[in-house]
Amino acid sequence: MSNLYLSFTNGLIPLLLLLWIIPLNGQPEVYVDNQGISGNTSSDLLRRLDRDVLKKNPDVCIILVGTNDLLNSAKMITISDYSDNVARLIHRISDAGIEPVLISPPPVDTLYLFQRHDRRSYPQSPRQLLEAARDSMAGISLQENVCFIDLYQILKEDRVPTHNKDVIIQNESNSQVSDGVHLTAEGNQLLATLVYEKLKEEHLLDESVHIICFGDSLTYGVRMEGAGSSDGNTYPSYLKSLILSR
1 MSNLYLSFTN GLIPLLLLLW IIPLNGQPEV YVDNQGISGN TSSDLLRRLD
51 RDVLKKNPDV CIILVGTNDL LNSAKMITIS DYSDNVARLI HRISDAGIEP
101 VLISPPPVDT LYLFQRHDRR SYPQSPRQLL EAARDSMAGI SLQENVCFID
151 LYQILKEDRV PTHNKDVIIQ NESNSQVSDG VHLTAEGNQL LATLVYEKLK
201 EEHLLDESVH IICFGDSLTY GVRMEGAGSS DGNTYPSYLK SLILSR
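Counting from 1, position 243 in the sequence shown corresponds to residue 243 in full-length UniProt numbering; the numbering is continuous, with no gaps.
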């Protein structure tokens with residue numbers, strides 16, 4: 001047997017062993033899927049739940065929905081119907097062995113909201129509707145023993161939104177748009193941090209984890225770099241970065 005052959009095989013065998021070992025000892029697999037679609041309601045989430053969540057079989061499903069149900073004058077439903085839809089989402093996700101996490105819809109800047117929607121179309125003030133939704137979510141999370149992040153209350157306590165002054169909700173000052181509903185990059189960073197801390201607190205972050213962020217335009221990331229993905233400035237992107245940097 002030639003020295004050339006021995007030299008080759010002596011180098012090849014350790015290399016093959018190394019390639020076999022690396023996947024076993026490599027970086028944990030962390031998947032954060034952005035399954036947000038602009039304009040979606042809780043009914044829309046129920047319709048696409050099988051395709052976009054259950055068939056993917058994630059470990060965790062983070063649900064942020066309600067702004068369109070409550071404040072989009074073309075899509076509004078009652079608080080009762082909204083609560084029923086959220087409860088159905090929770091039951092189906094839990095029954096599939098997936099851990100659900102609920103997030104209350106954030107407060108909005110009504111000065112901008114009423115530029116797009118007739119205030120007479122609302123059965124109550126936007127604040128009252130969002131607080132009723134928050135209370136309903138809190139009750140469902142308690143009854144079903146699922147995680148709940150009260151984004152609405154956290155932002156209200158920080159006086160967000162403050163018309164054209166805060167950096168969390170898109171406005172003319174920080175984003176050059178008359179929005180008042182969607183989060184800025186800074187807002188998405190804040191939301192991702194809140195989600196990350198809750199997942200860590202509840203011991204839902206295994207070394208390898210698959211998370212689906214399920215919702216409307218707040219999850220999608222309107223006007224963000226990487227909108228609709230887990231890259232750029234969306235909250236799923238920031239969440240993925242936080243998990244990977246553990």
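Backbone N, C-alpha and C define an ideal beta-carbon position, used for all residues, glycine too.
Margin query: Quick check on DSSP: helix, strand or coil for Y122?
Written below: Locating residue 122 in the sequence shown gives position 122, counting from the first residue. Y122 falls in the coil class under three-state DSSP.
TODO: Give the DSSP bridge partners of N34, in chain order.
DONE: On the sequence shown, position 34 is the one that residue 34 refers to. DSSP output for N34 lists C213 as bridge partner(s).
Report task. Take the Cβ of A74 as the centre, count every other Cβ of all protein chains shown within 10 Å, and call the residue buried at 16 or more, exposed below. Result -> Translated into the one-based positions of the sequence shown, residue 74 becomes position 74. By the C-beta density criterion, A74 is exposed, having fewer than 16 other C-beta atoms within 10 angstroms.
Given a threshold of 16 other Cβ atoms within 10 Å of its Cβ, counted over all protein chains shown, does K240 qualify as buried or as exposed? Position 240 of the sequence shown holds residue 240. Looking at its Cβ environment, which holds 16 or more other Cβ atoms inside 10 Å, K240 is buried.
Task: Same chain only: Cβ atoms within 6 Å of residue 249, ignoring 5 sequence neighbours per side - done: Any property of residue 249 remains undetermined from this structure, which presents the chain solely from 1 to 246.
With DSSP collapsed to three states, give me the class of V86.
As a position in the sequence shown, residue 86 is number 86, starting the count at 1. In the structure shown, V86 sits in a helix (DSSP, three-state: H, G or I).
Practice item. Measure the Cβ-Cβ separation of I211 and G187 and say whether it is below 8 Å. Key: Taking the first residue of the sequence shown as 1, we reach residue 211 at position 211. Taking the first residue of the sequence shown as 1, we reach residue 187 at position 187. Result no, Cβ atoms of I211 and G187 do not sit closer than 8 Å.
Please go through the stretch 131-199 and give each complete alpha helix (DSSP H) segment of 4 or more residues, from N-terminal end onward. Counting only runs of 4 or more, we get 151-157 and 172-175.
| said: Just verifying my parser: in three-state terms, what is the DSSP assignment at E99? | reply: Here residue 99 corresponds to residue number 99 of the sequence shown, with the count starting at 1. It is a strand residue.
| message | Tell me the rounded alpha-carbon separation between L113 and P28. | response | As a first step, residue 113 must be located in the sequence shown, where it is residue number 113. As a first step, residue 28 must be located in the sequence shown, where it is residue number 28. So the two alpha carbons sit approximately 43 Å from each other.
Can you tell me which residues form a DSSP beta bridge with V60?
One-based indexing of the sequence shown puts residue 60 at position 60. Paired residues: E99 and I211.
Checklist entry - Does the distance from the CB of I79 to the CB of I149 come in under 8 Å? => result Taking the first residue of the sequence shown as 1, we reach residue 79 at position 79. Taking the first residue of the sequence shown as 1, we reach residue 149 at position 149. Between I79 and I149, the C-beta gap is not smaller than 8 Å, which leaves the two residues out of contact.
request  = Apply the 10 Å Cβ neighbour rule to L111 and answer buried if 16 or more other Cβ atoms are within range, or exposed otherwise.
outcome  = Working through the sequence shown from its first residue, we reach residue 111 at position 111. Counting Cβ neighbours within 10 Å, L111 comes out exposed, since fewer than 16 surround it.
Cα-Cα separation between S178 and I77, rounded to whole angstroms:
Here residue 178 is taken as the residue at index 178 of the sequence shown, counted from 1. Here residue 77 is taken as the residue at index 77 of the sequence shown, counted from 1. When rounded, the distance between both Cα atoms is 25 Å.
- So which of V30, N72, V86 and D81 has the shortest CA-CA distance to F214? Along the sequence shown, one-based indexing puts residue 214 at 214. Distance from the Cα of F214 is smallest, within the candidate group V30, N72, V86 and D81, for V86.
Alpha carbon of I243 to alpha carbon of G226, nearest angstrom:
Within the sequence shown, residue 243 is the residue found at index 243, counting from 1. Within the sequence shown, residue 226 is the residue found at index 226, counting from 1. Rounded to whole angstroms, the gap between the alpha carbons of I243 and G226 is 18 Å.
Between the alpha carbons of D95 and R120, how many angstroms are there, rounded?
One-based indexing of the sequence shown puts residue 95 at position 95. One-based indexing of the sequence shown puts residue 120 at position 120. Roughly 40 Å separates the two Cα atoms.
Starting from S42, follow the alpha helix (DSSP H) in both directions and report where the run begins and ends. For the purposes of this step, residue 42 is taken as the residue at position 42 of the sequence shown. Run containing S42: S42 to D52, per the alpha helix (DSSP H) assignment.
Run of the alpha helix (DSSP H) containing K75, from where it starts to where it stops
Here residue 75 corresponds to residue number 75 of the sequence shown, with the count starting at 1. Taken as a continuous stretch (DSSP letters only), K75 belongs to no alpha helix (DSSP H), as it is neither H nor E.
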